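Have a look at the structure below, then the notes.
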Amino acid sequence: MRDAYLVGAGQSDYGTFPSESYRSLFRTAFDAATDSVQNGLEAEDIDEAVIGNLGVGGRQLGLSGPAVTEHVGLDGVPTTRVENACAASGFAVRQAVQAVKSGMADVVLAGGFEIMSDMSSDATKYWLGVSGETEWERLSGTTFSGVYAQMASVHMEQYGTTREQLSRVAVKNHANGAKNPHAQLGFECSLEDAQSAPVVADPLNLYHCCPTSDGAACALIVSEDVVDDYTDDPIRVAGVGAGSDNVGLFQRDTYTGVPASQRAGEKAYEMAGVEPDDLDFAEVHDCFAIAELLAYEDLGFCETGEAGQLIESGETELGGELPVNTSGGLKSKGHPIGATGAGQVVEAYKQLTENAGERQVENPTRGLTHNVGGSGGAAVVHVFEKEQEVSA
Numbered sequence: 001m002r003d004a005y006l007v008g009a010g011q012s013d014y015g016t017f018p019s020e021s022y023r024s025l026f027r028t029a030f031d032a033a034t035d036s037v038q039n040g041l042e043a044e045d046i047d048e049a050v051i052g053n054l055g056v057g058g059r060q061l062g063l064s065g066p067a068v069t070e071h072v073g074l075d076g077v078p079t080t081r082v083e084n085a086c087a088a089s090g091f092a093v094r095q096a097v098q099a100v101k102s103g104m105a106d107v108v109l110a111g112g113f114e115i116m117s118d119m120s121s122d123a124t125k126y127w128l129g130v131s132g133e134t135e136w137e138r139l140s141g142t143t144f145s146g147v148y149a150q151m152a153s154v155h156m157e158q159y160g161t162t163r164e165q166l167s168r169v170a171v172k173n174h175a176n177g178a179k180n181p182h183a184q185l186g187f188e189c190s191l192e193d194a195q196s197a198p199v200v201a202d203p204l205n206l207y208h209c210c211p212t213s214d215g216a217a218c219a220l221i222v223s224e225d226v227v228d229d230y231t232d233d234p235i236r237v238a239g240v241g242a243g244s245d246n247v248g249l250f251q252r253d254t255y256t257g258v259p260a261s262q263r264a265g266e267k268a269y270e271m272a273g274v275e276p277d278d279l280d281f282a283e284v285h286d287c288f289a290i291a292e293l294l295a296y297e298d299l300g301f302c303e304t305g306e307a308g309q310l311i312e313s314g315e316t317e318l319g320g321e322l323p324v325n326t327s328g329g330l331k332s333k334g335h336p337i338g339a340t341g342a343g344q345v346v347e348a349y350k351q352l353t354e355n356a357g358e359r360q361v362e363n364p365t366r367g368l369t370h371n372v373g374g375s376g377g378a379a380v381v382h383v384f385e386k387e388q389e390v391s392a
């Protein structure tokens with residue numbers, strides 16, 4: 001199969017935008033993505049589009065993909081909408097890579113969007129809940145914060161993980177998000193702030209939970225046959241892995257790991273021919289602080305049970321051995337469900353093209369993105385690398 005390359009990526013701001021529509025936010029992301037292509041890319045170059053969206057609020061549940069692509073001038077371009085909860089646009093990127101590798105297309109747009117701010121808190125809880133196990137977990141009153149709180153409680157009991165370690169995730173990600181002009185919660189927080197916030201679902205407090213967000217993100221994937229038309233500095237999609245699992249946490253064999261993430265990571269590393277130690281940065285799915293700690297273990301950044309020590313060591317901070325969530329992550333940058341996975345790819349693109357501003361990692365060659373749906377019903381991992389530097 002042909003190699004696939006990332007040649008452009010862009011996003012809207014994440015936050016609450018009552019004067020914006022899902023179409024206008026997608027237009028912002030699309031324009032940012034095409035503008036980021038080194039040698040330029042026109043709408044008429046795009047052969048196919050794959051769009052991630054959950055459909056929070058019930059707007060345009062049918063044909064939501066074509067509803068945004070026609071708005072940006074992609075009339076007649078085959079468009080598929082992907083729904084995989086919070087991993088929707090991460091899987092959209094994977095679908096784009098598959099289309100390119102298979103030879104079905106040379107240039108594919110992968111993106112996502114979500115509007116989450118224009119409804120009551122009760123309605124928001126409902127729409128968040130549709131990605132959980134509805135027959136038992138949701139109808140018994142369990143929320144997503146409650147599910148992740150169970151995971152945190154068991155991890156704390158089994159491995160001695162502390163509330164302070166959970167809070168250090170928030171402190172780190174807010175420090176990074178404060179350097180990201182697109183971040184919804186772009187401010188720093190102290191460890192004291194992160195430890196003393198109101199409880200949401202014990203042991204998780206407000207600073208351990210990501211916000212709900214409006215936003216959109218896009219990435220442009222092209223084939224080896226045309227990559228030289230668009231860039232002199234190719235970024236190869238070196239590895240892709242995906243996994244699925246039981247939707248309900250209670251149905252799984254473990255509360256202290258996400259098997260879908262483990263499988264996705266293993267497949268991506270194998271395809272790329274790399275190990276976790278070969279990464280220069282990672283964007284992981286930190287919908288809750290415990291989710292980032294679980295990702296450290298699931299993706300092999302540390303041994304099982306040692307994530308708390310890893311966050312305390314400072315190795316995952318900007319300037320550390322493996323900076324994680326330089327964008328601010330879901331916690332600070334925000335979490336517009338359908339856009340999150342593509343938004344992670346935006347950060348990878350900025351880091352690898354050295355356009356990440358104050359949060360730039362020094363001389364990165366390779367980075368990873370990790371996107372999870374629900375509490376682990378689906379996960380997708382991508383490894384991106386600068387081809388010239390790897391070859392050299």
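Residue numbers for the sequence shown follow UniProt numbering, so the first one is 1 and each next one is one higher. Every residue gets a Cβ at the ideal spot worked out from N, C-alpha and C, and that includes glycine. Keep in mind the model is a prediction, meaning the values are calculated, not measured.
In the pairwise beta carbon analysis, the segment 264-275 is classified as not touching the segment 170-190: fewer than three pairs are separated by under 8 Å.
The C-beta separation of L279 from R163 comes to about 28 Å, leaving the pair out of contact by the 8 Å criterion. Selection G52, T254, A219, I290 evaluated against T80 yields G52 as nearest (Cα-Cα). The beta-carbon separation of Q344 and E283, rounded to 4 Å, stays under the 8 Å limit for a contact. For D286 and D193, the gap between their C-alpha atoms comes out near 19 Å. Judged by their CB atoms, S64 and G55 are nearer to each other than the 8 Å cut-off. With respect to the 8 Å criterion, V372 and V258 are classified as neighbours on the basis of their beta carbons. For S223, the enclosing beta strand (DSSP E) starts and ends at 215-223. Taking the Cα of Y296 as reference, the smallest distance to any Cα among G186, A307, M1 is reached at A307. In the DSSP assignment, S196 falls within the alpha helix (DSSP H) that extends over 191-196. Sequence-distant Cβ neighbours of N180 in its own chain, meaning closer than 7 Å and more than five residues away, are G186, S327, G328, K333, R359. The C-beta distance from G15 to S190 rounds to 22 Å, too long to fall under 8 Å, and the pair is not in contact. When DSSP states are grouped into helix, strand and coil, R236 belongs to the strand group. Residue state for R252 is assigned as coil, using DSSP reduced to three classes. By the Cβ test, the segment 197-210 is not in contact with the segment 39-51, since fewer than three Cβ pairs between them sit closer than 8 Å. Within the segment 31-89, the alpha helix (DSSP H) runs of at least 4 residues that lie entirely inside it are, in chain order, 64-69. Burial of D106 is indicated by the presence of at least 16 other C-beta atoms within 10 angstroms of its C-beta. Distances from the CA of S19 to each of L74, V97, D31, D118 were compared; the closest alpha carbon is that of D118. Residue burial annotation: E83 is buried, with at least 16 other C-beta atoms found within 10 angstroms of its C-beta. Between A9 and V50, the C-beta spacing is not below 8 Å. The residue among L6, S153, W136 with its C-alpha nearest the C-alpha of V100 is L6. Taking each of G376, A219, F91, L61 in turn and checking the Cα distance to A29, the smallest one comes out for A219. The C-alpha of G90 is placed about 21 Å away from the C-alpha of S24. From the listed residues F281, E135, P336, E347, the smallest Cα separation to E315 is found for F281. Membership of N176 in the alpha helix (DSSP H) is indicated by the continuous run 163-177.
In its chain, beyond the 5 residues on either side, F288, I290 have a beta carbon closer than 6 Å to the beta carbon of Y148.
Less than 8 Å divides the Cβ of Q11 from the Cβ of G215.
With 16 or more other Cβ atoms from the protein chains shown falling within 10 Å of its own Cβ, F113 counts as buried. When DSSP reads this structure, T142 sits in no beta bridge, so it has no partner. Taking C-beta separations shorter than 6 Å and ignoring five residues to either side along the sequence, the partners of H155 in its chain run T161, T256, following chain order.
DSSP places S244 in the strand class (E or B) of the three-state scheme. Rounded to the nearest angstrom, the gap between the Cα atoms of E135 and R94 is 29 Å. In terms of Cα proximity to E188, the closest of H182, T254, A175, V200 is A175. In chain order, H71, V72 place their CB closer than 7 Å to the CB of R27, counting only its own chain and leaving out the 5 sequence neighbours on each side. In this structure, the alpha-carbon of E133 lies about 15 Å from that of Q150.
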